[in-house]
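In what follows, a single structure is set out as structure tokens and then discussed.
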Amino acid sequence: MTVLFGTVEYFEKEIVNQMSNDQLQNLTASNSLECAYSSVKSEITNVFVCSDIFRKDLLVNLEKAFEMVSGSMVGVD
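Listed below in structure tokens is the structure:
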């Protein structure tokens, strides 16, 4: 199944991939999640070139993905 850029599913995968980064593996699960979320959000906000409307949609989907990943991690720390 193909995951399209900007979808909630895409950002879920991005967050999980960021969390598996060597630098974040030494943190607690919740801290790793926060760092991964912040990193992806920073890329969307400061690096990715797009219209403000599209950027807002991306940030909404990122927030939903963050909630889904954090919900699946209940009791992991």
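Quick note: the sequence shown uses our numbering, first residue 1, plus one each step. For glycine and all other residues, C-beta sits at the position ideal for the given N, C-alpha and C. Note that the structure is predicted; figures quoted are calculated from it, not measured.
- Counting C-beta pairs with one atom in each stretch, the region 47-59 and the region 23-35 have fewer than three that are closer than 8 Å, which means they do not touch.
- Counting other Cβ atoms within 10 Å of its Cβ, Q18 reaches 16 or more and is therefore classed as buried.
- Here L62 is actually not in contact with F5; their C-beta atoms are around 12 Å apart, not less than 8 Å.
- DSSP places C50 outside both helix and strand once states are collapsed to three, so it counts as coil.
- In this structure, DSSP gives V8 a helical state, which the three-state scheme calls helix.
- Of all alpha-carbon atoms in T45, K13 and D57, the one lying nearest the alpha-carbon of M68 is that of K13.
- CA-CA distance, S39 to I53, rounds to 20 Å.
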